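Order-wise, the sequence lines are chains P and V.
The first sequence lines up with residues 103 to 586 when you count with this note's numbering.
The second sequence lines up with residues 103 to 586 when you count with this note's numbering.
Here's the structure, in structure tokens; my notes come after.
There are 2 protein chains.
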Amino acid sequence: MTERQIIVASNRGPVAFVRDADGRVIARRGGGGLVSALSGALQASGGLWIASAMSTEDRERAGRVHLDPAMGAAGDGLRYLPFDPRVYDRYYNGISNRVLWFVHHALWDLPRMPRWDRATDRAWAAYRQVNGSFAEALAEEGAPGEPEPAYLVQDYHLSLVPALLRARRPRARIAHFSHIPFAGPEYFRTLPTAMREELLSGLLGADVVGFHTEGWAENFMRCCHGLPGATVNHRDRSVRWQGRRILVRLYPISVDAAALKEQAASEEVAAAERRIGRWLSGARLVLRVDRTDLSKNILRGFLAFEEFILRHRRWRGRVKHLALLNPSRESVPEYRGYVKDCLRTAERINAELGDERWQPIRVQVQDDYSSALAAFGIYDVLLVNAVFDGMNLVAKEGPVLNTRDGLVVLSENAGAFPELRSHVLAINPFDVGATAEAIATVLDMDPEERRRRAGGTREAVVRNRLEDWVPNQVADLEVSTRDR
Amino acid sequence: MTERQIIVASNRGPVAFVRDADGRVIARRGGGGLVSALSGALQASGGLWIASAMSTEDRERAGRVHLDPAMGAAGDGLRYLPFDPRVYDRYYNGISNRVLWFVHHALWDLPRMPRWDRATDRAWAAYRQVNGSFAEALAEEGAPGEPEPAYLVQDYHLSLVPALLRARRPRARIAHFSHIPFAGPEYFRTLPTAMREELLSGLLGADVVGFHTEGWAENFMRCCHGLPGATVNHRDRSVRWQGRRILVRLYPISVDAAALKEQAASEEVAAAERRIGRWLSGARLVLRVDRTDLSKNILRGFLAFEEFILRHRRWRGRVKHLALLNPSRESVPEYRGYVKDCLRTAERINAELGDERWQPIRVQVQDDYSSALAAFGIYDVLLVNAVFDGMNLVAKEGPVLNTRDGLVVLSENAGAFPELRSHVLAINPFDVGATAEAIATVLDMDPEERRRRAGGTREAVVRNRLEDWVPNQVADLEVSTRDR
């Protein structure tokens with residue numbers, strides 16, 4: 103590994119500051135493999151993590167703080183940038199969640215949305231401003247002189263940061279990683295011309311632009327074809343831009359299997375497992391665990407479960423579908439409408455197919471990670487049918503914890519698909535009929551094949567080591583800038 | 103040109119049989135340049151036109167009929183294929199209009215639609231069946247021996263015909279032309295796997311696959327990358343498939359300027375022009391002429407006109423927007439909902455911006471070609487802001503007839519865009535703000551520049567001669583099969 107100091111930038115930091123029962127502000131660690139992966143690397147390099155202050159409590163603690171390593175936080179230091187709440191809202195909800203998330207997951211009803219107008223212009227100005235503040239803070243924090251720090255800029259919230267940082271520190275080593283898909287050129291062209299050029303040239307300020315899969319990387323490069331002055335080389339996956347050669351590389355993220363197993367061993371999870379077991383009362387379990395996001399395809403999941411019961415009557419009363427949904431973006435009207443449609447559809451199916459003794463679908467809209475961990479242990483089918491998904495960690499967490507030779511029914515548009523394809527049941531997420539058949543295939547599968555496939559999935563997940571994720575990026579940063 | 107007999111296949115034939123006031127079945131010629139272009143070529147080659155019997159009257163006259171050339175019909179002969187109405191409905195509404203039209207124009211609200219299920223399977227079987235009947239009729243009609251006939255298969259309704267016909271007549275010369283866009287690979291992948299492979303291999307049964315623009319041709323070839331066994335050569339625009347080399351070629355269709363001018367010289371059109379003139383009473387005219395199709399972007403057109411008035415108050419009361427909308431696909435729920443939204447939006451804008459003396463928007467939902475021709479003569483701005491459009495003939499018909507140096511505000515996603523780009527005002531059709539500004543730019547433009555641009559548009563339209571459209575395809579058919 104390198105001697106360089108590592109500096110991470112992401113919208114959401116590794117800890118959130120919350121007020122405890124006594125009114126004191128305390129730090130709470132965020133979940134997820136990303137925090138583990140980055141924290142380890144930061145600790146090793148004496149680095150720093152810069153993030154947005156997302157709440158009043160975050161803003162109170164904004165500025166550089168040193169956290170107790172026992173908190174599991176980001177090593178040496180953490181700096182939270184405070185923003186005017188209105189500017190932050192435009193950057194975060196206006197552009198990041200309502201424009202960039204939608205475009206990269208193809209979520210618009212194009213005959214009606216999007217509609218670029220003056221509100222878009224205002225929100226875009228705020229996005230630029232917040233990205234500019236990040237770039238400024240990053241430029242300040244990196245120690246001057248050689249070796250220049252390695253900046254790891256995270257995700258679609260910070261697409262402009264690489265170019266803005268490059269302008270301030272021309273010799274910096276900058277990597278950008280997209281945790282979400284990247285739109286193909288036709289869909290990307292729905293964006294206003296100026297916005298799409300700024301987004302691409304923003305990312306091309308980096309030395310290395312990273313994605314989870316070849317598909318998203320190809321989409322990005324095909325979008326770059328439309329950027330005047332950029333030259334794309336598909337063979338060696340690089341883009342020439344403003345005299346520099348930018349590498350486009352793949353870093354599919356993994357999960358921290360040991361940490362997951364430790365969390366799943368808690369008494370809270372055991373209690374949740376007993377509760378779910380009582381509800382199941384011997385029935386097989388078709389599980390989904392998702393944020394309530396338009397991209398997750400919850401509605402077609404319910405319809406596929408219905409279709410499965412209608413086509414395979416023998417499973418009536420002998421299988422149940424549990425949907426553990428974590429509430430998300432409740433301020434976005436499209437999301438509220440979607441959740442309502444999902445709940446209404448589940449109710450209709452229960453009314454039409456169920457009876458007093460058997461209600462086929464149970465939906466829980468609640469942040470309940472213990473139940474998710476418990477259910478991962480005991481599913482027969484884990485339904486991951488996302489319309490589009492950058493990676494989808496559920497498809498990796500489930501197999502690590504499952505003890506029933508349960509199998510994943512996996513969307514071919516999820517980033518996890520290329521790694522897991524030979525073990526899972528592949529589906530086209532728009533194909534309700536095929537999804538229904540995939541559920542039936544798993545439930546009717548010969549136990550030996552189930553065991554073999556479940557083992558194969560688990561091995562494919564753990565083979566990709568989370569602890570390599572940052573070093574792989576840092577190593578490519580060295581390669582990309584070797585000839586300077 | 104060739105000695106070959108030309109045989110045309112299309113879903114809709116050049117004439118429709120209707121019942122007159124006395125209950126007699128009479129032939130009525132369909133409008134549009136396609137009929138002119140193909141009829142001329144058929145007359146020259148002694149060919150035949152095969153189409154679907156779309157109505158009871160069509161079915162009564164099904165079979166081969168010889169039409170009076172004075173009717174302007176398809177030369178030597180016409181054969182209408184009768185189908186079971188339920189099968190026809192599944193083929194025409196179920197697949198052609200609700201699946202293929204939607205996928206190639208990117209019209210779905212992807213979190214909710216499409217949903218492939220058993221109804222899709224049934225409709226797809228009907229699509230296959232109708233395409234099979236066409237292939238059989240075409241194979242029967244072509245004179246045996248050399249030279250083999252040149253088959254010109256039209257549009258997305260008949261995507262499977264080339265391969266099905268090839269199976270029956272391996273040495274036939276077959277061209278397929280798509281009058282609509284072709285989806286890019288990500289959007290195309292929403293289709294069920296089997297359907298997408300059948301569609302691509304169906305088209306690749308042809309020797310020449312034609313599109314209006316480079317963009318649609320590129321999309322088609324990129325979709326072919328995903329077809330196992332196909333090899334795409336982007337440099338010479340060809341696809342190698344089952345031992346044959348298929349040419350992918352561009353044939354942007356044009357309009358029959360002389361015929362248009364003749365039609366526009368009628369007394370009916372003059373009366374319509376007087377009516378529109380009275381309504382305008384001196385105001386400038388922003389015009390749109392469209393079918394009520396989801397792809398036409400009528401809603402954002404109204405919003406852009408509203409935004410234009412709000413941003414440029416000096417035009418209040420001095421400009422009016424006329425939307426001449428031809429009813430289309432009223433049986434499709436998405437279309438009914440869309441038209442309702444459009445009308446409601448126009449009403450809201452009239453209520454909010456208008457007063458007793460000035461109602462800014464007038465919407466007419468009616469098949470009224472005379473008014474369209476009349477309005478083409480006198481617009482200041484012709485708004486063609488389609489979300490996606492294979493060609494869009496309105497963008498070519500308007501400039502041929504306009505006498506006021508009116509300019510086209512043209513979507514960069516319309517097939518007409520590449521030919522007209524240097525003369526029109528280009529817009530991103532999703533950008534309501536930019537569309538509003540383009541309207542203002544035309545209305546405020548220096549008269550000399552307007553004259554120059556209007557003349558340039560007209561010249562670009564007439565330079566592309568409609569009478570070359572068929573011969574160009576037939577010539578490429580000769581080239582493509584020269585080495586046999």
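Think of the CB as a built atom: it goes at the ideal place given N, C-alpha and C, for glycine as much as any other residue.
These numbers come from a predicted model, not from an experiment.
Exercise. Since residue 464 (chain P) contacts residue 480 (chain P) with CB under 8 angstroms, what's their CB separation in whole angstroms?
Worked result: The Cβ separation is near 14 angstroms, so there is no contact.
Exercise. For residue 226 (chain V), which residues in chain P fall below 7 angstroms Cβ to Cβ?
Worked result: In chain order: nothing, as chain P lies at least about 11 angstroms away.
Exercise. Is the Cβ of residue 104 (chain P) closer than 8 angstroms to any Cβ of chain V?
Worked result: With a pLDDT of only 46 at residue 104 (chain P), under 50, the local geometry of the prediction cannot be trusted, and the value read off the model is given with reservation. Residue-level contact check: residue 104 (chain P) does not touch chain V, since none of the beta carbons of chain V fall below 8 angstroms from its beta carbon.
Exercise. Of all Cβ atoms in chain V, is any one closer than 8 angstroms to the Cβ of residue 292 (chain P)?
Worked result: Cβ-Cβ to chain V under 8 angstroms: yes for residue 292 (chain P).
Exercise. If you drop the 5 nearest sequence neighbours on each side, which residues of the same chain put their C-beta closer than 6 angstroms to that of residue 400 (chain P)?
Worked result: Spatial neighbours of residue 400 (chain P) in its own chain (CB-CB distance under 6 angstroms, excluding positions within 5 residues in sequence) are listed in chain order as 444.
Exercise. Is the segment 469-486 of chain V touching the segment 236-255 of chain V in the sense that three or more CB pairs, one from each, lie closer than 8 angstroms?
Worked result: Touching, no, given that fewer than three Cβ pairs across the two stretches are closer than 8 angstroms.
For this session: Go through the segment 220-304 of chain V residue by residue and report every complete run of the alpha helix (DSSP H) that reaches 4 residues or more, in order.
Result: Runs found: 220-243, 263-270, 287-290.
Problem set entry | Beta carbon of residue 319 (chain P) nearer than 8 angstroms to that of residue 350 (chain P) | In this structure, residue 350 (chain P) lies closer than 8 angstroms to residue 319 (chain P) by Cβ.
Exercise. Counting Cβ pairs closer than 8 angstroms, one from the segment 117-126 of chain V and one from the segment 254-261 of chain V, do we hit at least three?
Worked result: Taking 8 angstroms as the limit for Cβ pairs, the verdict is that the segment 254-261 of chain V does not touch the segment 117-126 of chain V.
For this session: Compute the Euclidean distance between the alpha carbons of residue 224 (chain V) and residue 231 (chain V), then round it to the nearest angstrom.
Result: C-alpha separation (whole angstroms): 11 angstroms.
Exercise. CB-CB under 8 angstroms to residue 527 (chain V), same chain, minus the five flanking residues each way: which ones, in chain order?
Worked result: Closer than 8 angstroms at the Cβ level, and outside the excluded window around residue 527 (chain V), lie 509, 510, 511, 512, 540, 543, 544.
Problem set entry | DSSP-derived helix/strand/coil call for residue 450 (chain P) | In the three-state reduction of the DSSP assignment, residue 450 (chain P) falls in the helix class, which pools H, G and I.
Exercise. If the cut is a Cβ gap below 9 angstroms, which residues of chain P does residue 223 (chain V) touch?
Worked result: Neighbours of residue 223 (chain V) in chain P, taken as residues at a C-beta separation under 9 angstroms, are given in chain order as 535.
For this session: Measure the C-alpha to C-alpha separation of residue 566 (chain V) and residue 220 (chain V) and round it to an integer number of angstroms.
Result: Rounded to the nearest angstrom, the gap between the Cα atoms of residue 566 (chain V) and residue 220 (chain V) is 45 angstroms.
Problem set entry | Reduced DSSP category for residue 533 (chain V) - H, G, I as helix; E, B as strand; rest coil | Three-state result, residue 533 (chain V): strand.
Problem set entry | Opening and closing residue of the alpha helix (DSSP H) in which residue 400 (chain V) lies | Unbroken alpha helix (DSSP H) run through residue 400 (chain V): 400-413.
Exercise. How about residue 522 (chain P) and residue 562 (chain P): are their beta carbons less than 8 angstroms apart?
Worked result: A contact, by the Cβ cut-off of 8 angstroms.
Exercise. Using a beta-carbon distance below 8 angstroms, is residue 542 (chain V) in contact with chain P?
Worked result: For residue 542 (chain V), the answer is no, since every Cβ of chain P falls outside 8 angstroms of its Cβ.
For this session: Report yes or no: do three or more beta-carbon pairs, one from the segment 208-220 of chain P and one from the segment 104-112 of chain P, lie closer than 8 angstroms?
Result: The segment 208-220 of chain P, when compared against the segment 104-112 of chain P, does not touch it at the 8 angstroms Cβ threshold.
Exercise. Mind checking residue 170 (chain P): buried by the 16 CB within 10 Å criterion, or exposed?
Worked result: Here residue 170 (chain P) scores only 49 on pLDDT, less than 50, and its place in the model should not be relied on; the value that follows carries that caveat. It counts as exposed.
Problem set entry | Separation of residue 183 (chain V) from residue 263 (chain V), as counted between CA atoms | Distance between the alpha carbons of residue 263 (chain V) and residue 183 (chain V): 14 angstroms.
Exercise. Residue 229 (chain V) CB to nearest chain P CB: under 8 angstroms?
Worked result: Judged by the 8 angstroms Cβ criterion, residue 229 (chain V) is not in contact with chain P.
Exercise. Nearest CA to the CA of residue 129 (chain P): which residue from P:116, P:152, P:136?
Worked result: Looking at the Cα atoms, P:116 is the closest of the given residues.
Exercise. Going by other Cβ atoms of all chains shown within 10 Å of its Cβ, with 16 needed for buried, is residue 324 (chain V) buried or exposed?
Worked result: So residue 324 (chain V) ends up on the buried side.
For this session: Spell out a yes or no on whether the segment 424-436 of chain P and the segment 383-397 of chain P are touching, meaning 3 or more CB-CB pairs, one atom from each, closer than 8 angstroms.
Result: By the Cβ rule, the segment 424-436 of chain P counts as touching the segment 383-397 of chain P, because three or more pairs are nearer than 8 angstroms.
Exercise. Which ranges would you report for the beta strand (DSSP E) in the segment 124-163 of chain V if only whole runs of at least 3 residues count?
Worked result: As far as the segment 124-163 of chain V is concerned, its whole beta strand (DSSP E) runs of at least 3 residues are 127-131, 150-154.
Problem set entry | Continuous alpha helix (DSSP H) stretch holding residue 423 (chain V): start and end | Counting along the chain, residue 423 (chain V) falls outside any alpha helix (DSSP H), though it belongs to the beta strand (DSSP E) covering 421-428.
Problem set entry | Under 8 angstroms between C-beta atoms of residue 473 (chain V) and residue 426 (chain V) | Contact flag set, yes.
Problem set entry | The beta strand (DSSP E) enclosing residue 90 (chain V), as first and last residue numbers | Nothing can be reported for residue 90 (chain V): it is not among the residues displayed for chain V, which extend from 103 to 586.
Problem set entry | Limits of the unbroken alpha helix (DSSP H) element including residue 343 (chain V) | Element bounds for residue 343 (chain V): not the alpha helix (DSSP H) but the beta strand (DSSP E), 340-343.
For this session: Going by CA-CA distance only, name the one from V:446, V:317, V:407, V:322 that's closest to residue 299 (chain V).
Result: Sorting V:446, V:317, V:407, V:322 by C-alpha distance to the C-alpha of residue 299 (chain V) places V:322 at the top.
For this session: Would you list, in chain order, the members of the segment 257-277 of chain V that have their beta-carbon closer than 7 angstroms to a beta-carbon of chain P?
Result: Shown here is that no member of the segment 257-277 of chain V has a Cβ falling below 7 angstroms from a Cβ of chain P.
Exercise. Can you name, in chain order, every residue of its own chain whose Cβ lies under 8 angstroms from the Cβ of residue 172 (chain V), other than the five neighbours on each side?
Worked result: In this predicted model, residue 172 (chain V) has a pLDDT of only 43, less than 50, meaning its place in the structure is not dependable; the value taken from the coordinates is given anyway. Counting only Cβ-Cβ distances below 8 angstroms, and skipping sequence neighbours, we find nothing.
For this session: Check distances from the C-beta atoms of the segment 434-466 of chain V to those of chain P and list, in chain order, the residues that come in under 7 angstroms.
Result: From the segment 434-466 of chain V, only 440 have a Cβ closer than 7 angstroms to chain P.
For this session: Could you pull the start and end residues of the alpha helix (DSSP H) that residue 554 (chain P) belongs to?
Result: In the DSSP assignment, residue 554 (chain P) falls within the alpha helix (DSSP H) that extends over 549-565.
Exercise. When you compare only the Cα positions, how much space is there between residue 525 (chain V) and residue 558 (chain V)?
Worked result: Each residue's Cα considered, the two are about 6 angstroms apart.
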